[in-house]
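If you count by numbering that gives the first Met the number 0, then the sequence shown holds residues 0 to 436, one letter each, in order.
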Amino acid sequence: MSTPVEIAPASGKLGVLLVGLGAVSTTTIAGVFAIRKGLAKPIGSLTQMGTIRLGKRTENRTPLIKDFLPLADLNDIVFGGWDIFADNCYEAAKHAGVLEEKLLDQVKDELAAIKPMSAVFDRQYVKRLDGPNVKKGKNKKDLADQLIADIRTFKADNKCDRLVMIWAGSTEVFITEQPCHRSLAAFEAGLEANDPAIASSMIYAYAAIKEGLPYANAAPNLSAEVPALRELAAKTGSPVCGNDMKTGQTLIKTIIAPGLKARMIGVAGWYSTNILGNRDGEVLDDPESFKTKEESKKGALDYIFQPNLYPDLYKDISHVVRINYYPPRGDNKEGWDNIDIFGWLGYPMQLKINFLCRDSILAAPIVLDSALFLDLAKRANMHGIQEWLSFYYKSPMHAPEIYPEHDLFIQLMKLKNTLRYLKGEDLITHLGREYYD
Ligand SMILES: NC(=O)c1ccc[n+]([C@@H]2O[C@H](COP(=O)([O-])OP(=O)(O)OC[C@H]3O[C@@H](n4cnc5c(N)ncnc54)[C@H](O)[C@@H]3O)[C@@H](O)[C@H]2O)c1
């Protein structure tokens with residue numbers, strides 16, 4: 000045992016501000032309302048259903064995570080957000096078509112009461128979308144100030160104690176780090192000068208972090224992961240995590256790949272294709288938005304397989320990722336993976352995975368857990384990149400000098416050890432010699 004970290008209590012209300020009240024956000028919000036009413040269970044949420052082993056296996060101490068740590072209670076959450084469409088959350092959830100109307104109707108009043116604040120949006124960054132509920136401002140600094148005013152008004156109107164912000168807006172076009180991202184001073188000058196390298200998501204991230212709010216990026220676009228915003232987070236004490244939630248195909252990839260590698264099974268190629276028919280799929284049909292997603296999806300295998308350490312097994316893997324917009328499927332994505340593997344003496348084999356998943360059903364618990372864990376991090380005074388939340392993300396944010404950890408099982412161990420550390424419990428190494436001495 001060591002000294003526990005001081006964690007402020009989760010008293011009062013937690014405001015969860017979602018940028019983009021589309022399929023993912025409305026499925027999260029409606030889900031929390033349904034769970035609060037006892038209509039459904041929080042399946043998929045580690046904060047709500049997961050346990051954590053403490054001490055030795057002989058001690059039989061495995062509390063629920065939510066009983067072990069002072070997480071905000073689901074009853075204390077207030078939701079709000081921004082969207083370029085003015086539909087309230089009930090209408091938006093119906094439009095998204097993820098949850099059945101029967102369920103939505105049971106939480107209709109609460110959902111309909113959430114009306115999106117007007118958005119900071121520019122078509123330059125999401126070519127396939129346009130909507131009327133958009134702010135006007137003299138420059139990007141002015142827009143950031145308007146978002147800060149929204150944040151403060153929301154906090155006061157809803158009597159929130161604390162807030163977190165999560166970007167669940169559409170995937171923006173691919174942007175790489177530019178000079179205006181390299182320092183806070185350059186970024187703030189860029190806001191004034193309307194620098195095109197500052198996308199809408201960055202204006203939200205800036206506003207959140209400037210206000211000291213925890214910020215998560217649930218999408219793949221470069222949002223808070225630039226030196227300027229890291230500098231700001233260090234100043235204001237904001238914890239941040241992202242990018243791009245690990246849901247369908249990439250979740251399965253990061254479950255299968257560590258297993259193949261653990262047994263030293265070689266991989267010659269990994270072909271992944273998806274059909275998807277929701278608005279996200281429509282946005283990703285634009286090559287520039289798809290490029291952002293593709294980069295995010297492709298990273299995981301390289302890091303898990305470490306071809307530099309295992310050239311005989313993983314050098315030159317042919318890794319292909321496709322997403323095709325196919326409206327009839329709506330949010331119910333179908334993914335196919337063909338994996339060409341080889342074993343003893345190089346003999347080839349194949350593995351085929353056909354995953355009929357529901358994108359937003361897999362994403363909603365990640366949004367909830369990110370909000371609750373980031374709020375915990377803030378109360379525990381942990382700021383900057385929260386690598387222990389990599390577990391939830393396809394392109395985990397990481398310190399510039401290290402590579403990101405993609406293996407789901409290492410990520411889970413890191414997450415749970417962080418929770419043990421916060422409470423002063425012994426970290427679990429799984430060495431286990433003591434049972435046999
Ligand atoms: N569902 C998943 O499994 C999953 C997994 C990983 C990442 N994501 C990402 O999460 C994001 C949301 O996914 P979704 O399925 O809810 O998409 P969606 O299209 O249903 O919702 C996105 C919403 O964001 C709004 N929006 C876009 N730009 C905005 C802006 N600047 N300000 C405010 N609102 C804005 C859109 O109007 C839309 O309502 C996407 O970027 C997607 O790639 C989803």
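Every residue gets a Cβ at the ideal spot worked out from N, C-alpha and C, and that includes glycine.
Cβ of Ala-207 within 7 Å of any heavy atom in ligand 1?
-> no
Can you round the beta-carbon distance between Leu-17 and Gly-96 to whole angstroms, since I take them to be within the 8 Å contact cut?
-> Going by Cβ atoms, the distance from Leu-17 to Gly-96 rounds to 18 Å, so no, they are not a contact pair.
Of the choices Ile-365, Ile-197, Ile-338, whose alpha-carbon is the least far from that of Gln-177?
-> Ile-197
What is the residue span of the beta strand (DSSP E) that Lys-12 lies within?
-> Run containing Lys-12: 12 to 18, per the beta strand (DSSP E) assignment.
Could you give the residue range of the alpha helix (DSSP H) that holds Asn-416?
-> 407 to 421
So, Asn-323 versus Leu-355, is the Cβ gap smaller than 8 Å?
-> no
Starting from the C-beta of Leu-70, find all residues in its chain whose C-beta is less than 7 Å away, skip the five residues before and the five after it, and write them out in chain order.
-> Ala-9, Thr-46, Leu-371, Leu-375
Rounded to whole angstroms, what's the CA-CA distance from Met-348 to Ile-165? Just pull it up for me.
-> 42 Å
Mind checking whether Glu-90 and Tyr-124 have CB atoms under 8 Å apart?
-> no
Residue range of the beta strand (DSSP E) that includes Asp-336 | 333 to 341
Run the CB neighbour count on Trp-343, radius 10 Å, all protein chains shown included, and call it buried at 16 or more, exposed below.
-> exposed
State the beta-bridge partners of Asp-82 as determined by DSSP.
-> Ser-117
Ile-254 versus Ala-204: straight-line alpha-carbon distance, rounded | Using only the alpha carbons, I get a separation of about 30 Å.
Kindly examine ligand 1 and report whether one of its heavy atoms sits closer than 7 Å to the Cβ of Met-244.
-> yes
Cβ pair His-180, Val-239 closer than 8 Å = no
Confirm, please, whether the CB-CB distance from Ala-232 to Gly-130 is below 8 Å.
-> No, the Cβ-Cβ distance between Gly-130 and Ala-232 is not below 8 Å.
Is the segment 104 to 116 touching the segment 33 to 41 in the sense that three or more CB pairs, one from each, lie closer than 8 Å?
-> yes
Within its chain, find whatever has a CB closer than 6 Å to the CB of Ala-363; leave out the 5 residues flanking it on each side and keep chain order.
-> Thr-26, Thr-27, Gly-30
Inter-stretch contact at 8 Å, needing at least 3 Cβ pairs: the segment 57 to 72 / the segment 418 to 435 = yes
Inspect the CB distances between the segment 140 to 154 and the segment 206 to 222 and report whether three or more fall short of 8 Å.
-> yes
Expressed to the nearest angstrom, what Euclidean distance is found between the alpha-carbon atoms of Gly-168 and Ile-113?
-> Note on geometry: alpha-carbon atoms of Gly-168 and Ile-113 lie some 16 Å from one another.
Which runs of the alpha helix (DSSP H), 4 residues or longer, sit entirely within the segment 321 to 399?
-> 358 to 378
Is His-94 helix, strand or coil by DSSP?
-> helix
Selection from Ala-22, Tyr-435, Ala-227 that minimises the alpha carbon distance to Glu-187 = Ala-227
Exposed or buried, what is Arg-56 when buried is set at 16 or more other beta-carbons lying within 10 Å of its beta-carbon?
-> exposed
For ligand 1, is there a heavy atom less than 7 Å away from the beta-carbon of Leu-308?
-> no
Mind reading off the beta-carbon distance from Glu-287 to Phe-173? Whole number of angstroms is fine, and I expect it under 8 Å.
-> 6 Å
By how many angstroms is the C-alpha of Phe-78 removed from the C-alpha of Pro-3?
-> Distance between the alpha carbons of Pro-3 and Phe-78: 31 Å.
Which listed residue (Pro-115, Arg-229, Gly-19) has its alpha carbon closest to that of Met-396 | If we check each option's Cα against that of Met-396, Arg-229 comes out closest.
What's the gap between the Cα of Arg-321 and the Cα of Lys-126?
-> 19 Å
Just tell me which of Ile-316, Pro-327, Tyr-346, Arg-357 has its CA closest to the CA of Asn-337.
-> Ile-316
Tell me which same chain residues have a C-beta within less than 7 Å of the C-beta of Thr-235, skipping the five on either side of it?
-> Here the set comprises Ile-208, Lys-209, Gly-211.
Who are the Cβ neighbours of Leu-411 in its own chain at under 6 Å, not counting the five residues just before and after it?
-> The answer, listed in chain order, is Phe-390.
Alpha-carbon spacing of Lys-159 relative to Ala-143, whole angstroms = Just to set this straight, residue 159 is Cys in the shown sequence, not Lys. Here the alpha carbons of Ala-143 and Cys-159 stand approximately 21 Å from one another.
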